[in-house]
Amino acid sequence: MDLRKARQKRGWTLERVAELVGTTPMSVSRHETGQSFPRPDPLDRYLALYHGDVTEEEIRATYLKIQKARAAQAPPKEETVP
């Protein structure tokens with residue numbers, strides 16, 4: 001299960017999870033959508049908060065999936081010749 005589904009399963013808001021994890025609602029949103037990967041302390045708090053419904057591997061998979069999609073959509077970088 002991913003972070004968003006685990007939060008929604010419990011009926012919690014972004015604000016509530018942010019309070020419990022010790023971060024901001026924006027950070028929780030970015031972690032849920034894979035836009036950023038949580039640092040070690042928040043990561044440990046997510047894992048404890050969701051009691052095994054979410055694993056580090058699932059959080060990492062969401063992050064990597066989004067990063068791969070972004071890389072595929074990015075325009076090619078121009079090479080400069082010295």
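Each residue of the sequence shown is one higher than the last, beginning at 1 in the UniProt record's numbering. Ideal placement from N, C-alpha and C gives every residue a C-beta, glycine not left out. Keep in mind it's a predicted model, so treat the numbers as computed, not measured.
Within 8 angstroms, strictly: CB atoms of residue i and residue j
i	j	result
residue 34	residue 65	yes
residue 56	residue 43	yes
residue 49	residue 21	yes
residue 59	residue 3	yes
Burial state of residue i (16 or more Cβ within 10 Å)
i	result
residue 39	exposed
residue 70	exposed
residue 7	buried
residue 23	buried
* To do: Scan the UniProt domain "HTH cro/C1-type" (3-59) and note each continuous alpha helix (DSSP H) run of 4 residues or more that stays entirely inside, going in chain order.
  => 3-10, 14-21, 25-32, 40-49
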